[in-house]
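Engineer: This is the structure, below, for whatever I ask next.
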Amino acid sequence: SAEGELSRSPFVPNVDLPRGYDEYYGTVFTDPQIQTPLDVLHWFVPDPNWHKTGNGNNTRWSPASVYYAGRFYDNLMVRVRGQSTVNWDKPKFKFEFNPGRPFWYSDTLPAVDEFNLQSHFVEKGATSYMGENLAFGFLEAAGVPAPHTQHFHVRQNGHFYSLASLIEQIDETFLERHGYDATNPMYKANSSSAQSTLAVGPNRTNYQKVTRQDEPFDDLIEFTNGINGQIPNVDRSSYLFDAVDLPQVINNMAANTILTNHDRLTKNYYVYRDQSSTQFWNMFPWDMDQAFALRTDENFASILYGDSEHPQATGQPIYQNHLLDAILDTPATRAMYLRRLRTLYDDFLAAGYFEQHIEAYRLQIEQDAAADHAIWNAGTLDAGIDRLHYNLDFRRRQLAADPLLPASQYTHTDTIVLDQDAESVWWVPTDNSLDDRWFASDFVADHWLPAEGGVGYERGTGYEPFLGTMYGSLDRTLPIRLDDWMDRNGDGDPDGTSVYVRYEFDLSEFQAIDRLLLRARFDDGIVVYLNGQEVAKSGVVGEGWDAVALRNNEADQSFTQFDLTPLLTTGQLTLQPGRNVLAIQVVNRQANSPDLLVQPQLLVGQRSQQTFDIAFGEFSDATDASAQQYLRIDNHESSAVDLSGWTIRGAAEFRFAAGTVVPAGSSVFVVTDANGFRNREFAPQSNLQTFFVPGLHGSVQPHGQFELFDGQGQMITNATWRTEITGDLNHDGQISVLDIDRLCAAIRSGEDNQAFDFQADNRIDQNDLHVFIRDILKTRPGDVNLDGQFDSTDLVLVFQAGEYDDALVRNSSYATGDWNCDQEFDSADFVTVFQF
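For what it's worth, my numbering labels the leading residue of the sequence shown as 76, then goes sequentially.
What follows is the structure in structure tokens.
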């Protein structure tokens with residue numbers, strides 16, 4: 076090849092050559108006619124159908140060669156991978172390279188010994204050719220350690236084979252890339268049985284030991300016993316806090332809930348124990364081809380999916396995941412999970428993250444997706460993308476409507492841009508002639524009639540406070556009753572069910588809009604359009620002018636709120652910097668209904684500076700060993716607060732990992748070392764559900780300034796910590812000869828400070844100095860270097876200062892020879908020393 080590497084095709088394997096070595100070098104002639112924006116992966120096998128068995132596939136290994144980015148890899152092995160997916164017509168493959176020749180695929184990521192080739196053949200609905208890439212990319216962006224993915228244009232034996240993706244293997248290289256010790260134990264759940272749910276009694280049938288393969292399962296057995304409450308005298312919830320990396324595991328849980336990934340309770344996960352450091356257990360995600368599913372059934376749709384009441388098999392709690400169940404059953408960790416879920420909803424699902432990445436992937440793969448579909452008939456890219464958009468929007472609405480999802484942690488300053496007494500124009504349709512255009516922003520409604528305030532009528536009592544004035548003339552000189560206006564046949568009842576209403580509002584003064592809320596009183600149903608696009612619908616069946624309401628809906632003082640923010644952030648809705656149009660079809664259940672009402676209010680919000688009632692609490696004592704130091708952060712809010720990405724700066728530094736949440740009225744201990752904190756003899760200790768996170772850098776000094784910043788760099792709180800050390804009389808955080816000088820000053824001035832009364836006789840005098848030197852410093856007068864003795868070394872130090880019997884008045888300190896507090900260094904000081 077032009078790169079200087081050689082290969083040979085057809086493949087001629089040397090069966091006598093052992094694994095682990097390249098077989099030969101030859102030439103790969105790359106085809107200059109290949110047109111693709113993707114990286115090209117060439118692979119060569121002797122028999123392209125080696126994996127076929129009847130109508131399915133086998134998992135036998137085949138020798139193979141790979142050529143990628145100018146590098147040739149020979150004598151490697153490939154096989155079909157997967158469990159339920161193993162018999163796909165277009166299978167997934169696993170490539171294993173020689174230990175001495177790992178596969179290089181990135182300038183920024185380490186080369187790997189193996190990788191997985193995702194085929195994108197079947198997804199939960201129409202194939203998008205990007206499901207796993209989108210899912211794993213989101214997990215990484217959310218702070219979950221997850222495999223790297225990238226699309227390939229794949230050619231087999233010189234011909235286009237497929238559009239596929241590299242999926243990084245979770246192995247030692249993966250662990251090292253994410254900052255974990257690769258020598259620690261890790262297990263993969265590898266079956267669909269109820270025993271692969273972290274139930275008690277794990278074994279090699281249900282779990283594959285990825286590292287330390289020769290060791291027994293003792294640690295995993297202990298872990299499953301702990302999270303299932305099977306360790307005597309150990310509380311299940313307390314065990315969670317002591318043994319689980321809660322931020323990491325909770326973050327993984329919440330992210331998978333966003334993805335509606337149901338295939339993760341009995342398999343498709345790894346558990347890892349950080350045995351060499353924190354002792355915490357972690358959970359890593361795997362195999363995301365079931366992500367972005369449309370789920371309406373209670374179990375899979377629930378944000379509590381995975382606990383005993385929402386297992387993978389409906390009505391069969393043995394198919395729960397026992398770690399997830401323990402977290403969801405414990406009130407504190409459940410609150411952590413729900414808050415983190417809300418953060419991910421706000422930052423990703425409702426913020427247009429997925430839509431932006433879908434479009435980026437579309438531009439990369441659309442050409443190869445079409446070529447792939449022509450061979451494998453997996454589906455068109457457009458159909459798959461439509462499915463992703465629909466399912467993501469469905470999940471947004473599903474989560475937003477769930478009462479368990481807490482309110483957003485973000486605060487906004489809202490401005491009413493269309494108030495409930497706003498002017499409008501209205502029309503009563505009598506046929507379908509306006510059905511497809513009356514709501515458009517450029518529709519000309521000059522002949523429509525004006526109104527002010529709520530539009531509708533009341534034939535009894537109740538809506539009088541909400542109804543405004545409606546006019547039967549353009550010059551607003553003829554107030555009318557809408558029910559009379561709608562009574563075209565004169566029988567005393569309105570003849571139609573719908574009224575069209577249009578409002579205009581201006582957004583010229585807003586530079587940025589972060590939130591958009593519609594609030595409305597209505598009776599009975601409404602269909603809402605903004606700038607020509609339908610944005611909300613409630614209680615209406617049918618389409619067009621003769622639609623009817625599904626049920627009676629009586630309005631009252633409260634508003635029904637519709638959060639239109641996701642439509643705005645995902646690009647589905649565009650607001651104009653000037654004129655905008657809100658159009659509403661208000662619909663009655665029946666034509667002769669006694670009342671009708673629509674009264675909207677539209678608010679735009681801009682994210683405001685966050686404030687939290689969060690404070691530094693207790694700090695470790697100066698006597699604590701460095702490995703046992705800590706500082707405590709207290710959440711005084713009435714709801715949990717997500718600290719992901721927050722930082723502590725100052726005397727000690729720390730960055731909170733993604734998924735770190737402090738429940739309402741609770742605390743987190745930031746500690747230097749997890750094991751040191753566990754080994755503390757006195758409180759605080761790692762028991763009774765103490766939430767602690769290790770990795771505090773620096774030292775919690777007796778005097779230290781600490782600041783807490785949120786993820787945007789805004790300071791939330793600060794504190795100066797001062798630990799009172801007995802004998803630290805000048806409050807500099809240490810005991811030294813300067814404290815003797817401070818005590819001497821108090822003796823000379825007659826200062827009345829009980830902190831200096833070491834003799835406990837309510838007097839400050841030389842006796843206190845003697846007690847201080849003897850009991851606090853544990854030495855004798857004249858010991859200026861405080862090594863516990865008075866000797867020639869001390870004499871050298873004081874005479875080097877040159878103040879003995881000098882001409883200067885009161886210029887000496889304890890360090891320069893004043894041992895009797897008269898600020899002079901003379902023979903009297905030696906008398907003090909030898910009389911002690």
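Backbone N, C-alpha and C define an ideal beta-carbon position, used for all residues, glycine too.
Below 8 Å on the Cβ atoms is my contact criterion, and I expect Asn466 with Ala624 to pass it. Report the Cβ-Cβ distance as a whole number of Å.
Structural biologist: No, Asn466 and Ala624 are not in contact; Cβ-Cβ is about 28 Å, not under 8 Å.
Engineer: Per DSSP, what kind of secondary structure is Ile296 in: helix, strand or coil?
Structural biologist: Of the three classes helix, strand and coil, the one that applies to Ile296 here is helix, per DSSP.
Engineer: Give me, in chain order, the residues of the same chain whose beta-carbon lies closer than 8 Å to that of Gly131; leave out the 5 immediate sequence neighbours on both sides.
Structural biologist: Excluding residues within five positions, the ones whose Cβ falls inside 8 Å are Val161 and Asn162.
Engineer: Within the continuous alpha helix (DSSP H) that includes His397, where are the two ends?
Structural biologist: First-last of the alpha helix (DSSP H) with His397: His397 to Asp404.
Engineer: Just to confirm, does Asp717 get its C-beta within under 7 Å of one of the non-hydrogen atoms of the ligand ZN?
Structural biologist: The model depicted lacks the ligand ZN and carries no ligand whatsoever.
Engineer: List the whole-angstrom C-beta distance separating Val812 from Leu861, where the pair is believed to meet the contact cut-off of C-beta under 8 Å.
Structural biologist: About 7 Å; that satisfies the 8 Å criterion.
Engineer: What is the DSSP secondary structure of Glu78, counted as helix, strand or coil?
Structural biologist: Confidence in Glu78 is poor, its pLDDT being 48 and thus under 50, which makes the residue's placement unreliable; the coordinate value appears in the next sentence. Coil, per DSSP.
Engineer: Measuring CB to CB, does Val120 end up less than 8 Å from Val141?
Structural biologist: In this structure, Val141 does not lie closer than 8 Å to Val120 by Cβ.
Engineer: What would DSSP say about Asp581, mapped onto helix, strand or coil?
Structural biologist: Three-state DSSP puts Asp581 in a strand.
Engineer: Consult DSSP for Leu870 and reduce its assignment to one of helix, strand or coil.
Structural biologist: Reduced to three states, the DSSP call for Leu870 is helix.
Engineer: Could you tell me the alpha carbon to alpha carbon distance between Gly869 and Gly857, rounded to whole angstroms?
Structural biologist: Here residue 869 is Asp; the residue named in the question, Gly, does not match the sequence. Their Cα atoms are separated by approximately 7 Å.
Engineer: Run through the DSSP bridge pairs and tell me what Ala727 is partnered with.
Structural biologist: Gly773.
Engineer: Nearest by alpha-carbon distance to Arg594: which of Phe518, Thr572, Pro675 and Leu379 is it?
Structural biologist: Checking every option, the nearest Cα to that of Arg594 belongs to Pro675.
Engineer: Going by CA-CA distance only, name the one from Ser719, Glu533, Arg724 and Met261 that's closest to Ala630.
Structural biologist: Selected option, being the one with the closest Cα: Glu533.
Engineer: So for Val846, helix, strand or coil by DSSP?
Structural biologist: Three-state DSSP puts Val846 in a helix.
Engineer: When we look at the beta-carbon of Pro554 and count the other beta-carbons within 10 Å, is it buried (16 or more) or exposed?
Structural biologist: Exposed.
Engineer: Give a yes or no on contact between the stretch 662-679 and the stretch 517-537, applying the rule of three or more CB pairs nearer than 8 Å.
Structural biologist: Output reads yes: the stretch 517-537 touches the stretch 662-679.
Engineer: Leaving out five residues on either side along the sequence, give the residues of the same chain with a beta carbon under 7 Å from the beta carbon of Tyr148.
Structural biologist: Answer for Tyr148: Ser140, Val141, Phe172, Arg176 and Phe178, listed in chain order.
Engineer: Based on the DSSP output, what are the partners of Met411 in its beta bridges?
Structural biologist: Paired residue(s): none; Met411 is not in a bridge.
Engineer: Sorted by chain position, which residues of the same chain lie with C-beta nearer than 6 Å to Arg417's C-beta, five sequence neighbours on each side aside?
Structural biologist: Leu480 and Pro481.
Engineer: Does DSSP put Asp901 in a helix, in a strand, or in coil?
Structural biologist: Coil.
Engineer: Inspect the beta-carbon positions of Ala329 and Tyr204 and report whether they are closer than 8 Å.
Structural biologist: No; because the gap between Cβ atoms is not below 8 Å, this pair is not in contact.
Engineer: Indicate whether the contact test is met: 3 or more Cβ pairs, each with one atom in the stretch 287-306 and one in the stretch 377-389, closer than 8 Å.
Structural biologist: No, because fewer than three Cβ pairs between the stretch 287-306 and the stretch 377-389 fall closer than 8 Å, the two stretches do not touch.
Engineer: Can you name, in chain order, every residue of its own chain whose Cβ lies under 7 Å from the Cβ of Tyr546, other than the five neighbours on each side?
Structural biologist: Answer for Tyr546: Leu524, Pro525, Ala526, Leu553, Pro554 and Ile555, listed in chain order.
Engineer: Could you pull the start and end residues of the beta strand (DSSP E) that Met328 belongs to?
Structural biologist: Segment Leu321 to Ile333 is the alpha helix (DSSP H) holding Met328; no beta strand (DSSP E) there.
Engineer: Work out the CA separation of Gln809 and Phe911 for me, nearest whole Å.
Structural biologist: Cα to Cα, Phe911 sits roughly 25 Å from Gln809.
Engineer: Give the straight-line distance between the Cα atoms of Leu92 and Thr353, rounded to the nearest whole angstrom.
Structural biologist: Its pLDDT being 49, under 50, Leu92 is placed unreliably in this model, and the coordinates cannot settle the point.
Engineer: Whose C-alpha, out of Thr640, Val656 and Glu712, is nearest the C-alpha of Lys680?
Structural biologist: According to the sequence as given, residue 680 is Gly; it is not Lys. Minimum Cα distance to Gly680 is reached at Thr640.
Engineer: What residue range does the alpha helix (DSSP H) around Phe211 cover?
Structural biologist: Here the alpha helix (DSSP H) through Phe211 covers Gly206 to Ala216.
Engineer: What does the Cβ neighbour count give for Arg135, buried or exposed, with the cut at 16 atoms within 10 Å?
Structural biologist: So Arg135 ends up on the exposed side.
Engineer: Please work out which residues of its chain come closer than 8 Å, Cβ to Cβ, to Phe469, disregarding the five sequence neighbours upstream and downstream, and give them in chain order.
Structural biologist: So the list reads Leu369, once near-sequence residues are dropped.
Engineer: Alpha carbons only, please: which of Glu189, Ile491, Asn628 and Thr765 is nearest the one belonging to Leu591?
Structural biologist: For Leu591, the nearest C-alpha among the options comes from Ile491.
Engineer: In the DSSP assignment, what are the bridge partners of Leu116?
Structural biologist: In the DSSP output, where bridge partners are listed per residue, Leu116 has Tyr143 and Val229.
Engineer: Which partner residues does Gln439 have in the DSSP bridge list?
Structural biologist: BP columns for Gln439 are empty, so no partner.
Engineer: Assuming Asn628 and Gly607 are in contact, meaning their beta carbons sit under 8 Å apart, how far apart are those beta carbons, in whole angstroms?
Structural biologist: Contact flag wrong, Cβ pair sits at about 25 Å.
Engineer: For Lys127, write down the residues that DSSP places opposite it in a beta bridge.
Structural biologist: BP columns for Lys127 point to Asn132.
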